[in-house]
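Residue numbers (this note's numbering): 1 to 301.
Shown next, in the form of structure tokens:
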């Protein structure tokens with residue numbers, strides 16, 4: 001259970017103008033994938049830091065990507081900028097393992113979110129304008145000539161696809177926590193969050209897994225740690241998560257290359273799937289407190 005504490009009003013404080021503007025609405029609106037990626041990463045970092053103990057090294061939990069101190073940088077990008085790690089994936093923090101940094105590529109990808117069902121008569125979309133004024137910092141009154149007008153789309157639905165490549169099981173578990181918060185409306189996106197914009201909620205419509213045909217699932221969810229050899233696990237510091245028992249995958253009908261097999265999770269098993277991966281993330285958060293994880297390999301010059 002979560003306790004929500006907020007001073008934000010529950011009703012709009014600004015009256016929309018030009019309630020309908022069909023010409024403006026017919027423009028090709030979309031949400032860039034980067035506008036989704038940023039808030040998702042920020043929420044993932046918040047979750048990691050919240051669950052980690054206070055004495056855990058920041059580079060082991062979630063680095064500060066904006067800390068560029070030359071003497072003691074807390075950013076993985078800055079820390080590995082002037083040094084070289086033989087295997088950068090093993091030297092970066094959990095957030096950078098999933099979302100990437102300058103030293104290692106991202107494992108997660110967001111497509112641009114396209115607007116859907118805009119012609120649905122049961123869900124009318126509102127194209128509105130909201131007027132705001134600038135404040136004079138000295139007098140506290142209205143700043144002359146600083147009027148602002150914002151165009152907003154209300155009651156609109158968008159669809160995006162999130163793809164995680166070569167995932168560790170705990171990474172899906174971290175994504176499960178982020179998606180749960182996203183469903184609860186705790187991950188605002190886009191411009192003007194402090195003005196009340198960007199309030200969204202999301203739901204998962206489909207889950208699909210793809211594995212090499214040589215992978216043996218054996219009633220469990222395979223992942224990078226289970227498919228790699230013991231030498232590769234040590235080299236890349238892959239987390240050896242406990243088996244996630246899940247025998248409810250069904251074959252996918254999507255066309256794939258001949259070397260891959262596709263599987264789908266049925267909607268009635270979504271909760272079971274996310275709960276299993278979340279357990280792997282919980283196990284990972286306990287693991288990063290161990291001496292083995294705390295002594296992660298550092299970059300060398």
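C-beta atoms are modelled at their ideal positions from N, C-alpha and C, and glycine is treated no differently. The model shown is predicted, which means the values in this text are computed figures rather than measured ones.
For residue 94 against residue 42, the beta-carbon gap comes to about 14 Å, at or over 8 Å, which does not count as contact.
The alpha carbon of residue 293 has as its nearest neighbour, out of 69, 90, 34 and 67, the alpha carbon of 90. If one requires a minimum length of 4 residues, the alpha helix (DSSP H) runs lying completely within the stretch 61-103 are 76-79 and 94-99, in chain order.
Secondary-structure assignment with DSSP links residue 113 through a beta bridge to 31.
Residue 163 has its alpha-carbon roughly 21 Å from the corresponding atom of residue 216.
In this model, residue 186 and residue 201 are separated by some 8 Å (Cα to Cα). Taking residue 219 as reference, the option from 244, 205, 189 and 179 with the minimal CA-CA separation is 244. When the beta-carbon positions are compared, residue 188 and residue 171 stay at least 8 Å from each other.
Bounds of any alpha helix (DSSP H) do not take in residue 209; it lies within the beta strand (DSSP E) bounded by 207-212.
In the three-state reduction of the DSSP assignment, residue 53 falls in the coil class, being assigned neither a helical nor a strand state. For residue 130, the enclosing beta strand (DSSP E) stretches over residues 126-132. Within 10 angstroms of the beta-carbon of residue 256 lie fewer than 16 other beta-carbons, which makes it exposed. The continuous stretches of beta strand (DSSP E) do not include residue 180, which lies in the alpha helix (DSSP H) extending over residues 169-183.
With contacts defined by Cβ atoms closer than 8 Å, residue 196 and residue 150 do not form a contacting pair.
Under the DSSP assignment, residue 152 falls in the beta strand (DSSP E) whose first and last residues are 148-154. By the CB criterion at 8 Å, residue 283 and residue 242 fall inside the cutoff.
Here DSSP, grouped into helix, strand and coil, assigns residue 158 to strand.
Residue 80 and residue 44 do not touch by the CB rule: their CB atoms are close to 20 Å apart, not below 8 Å.
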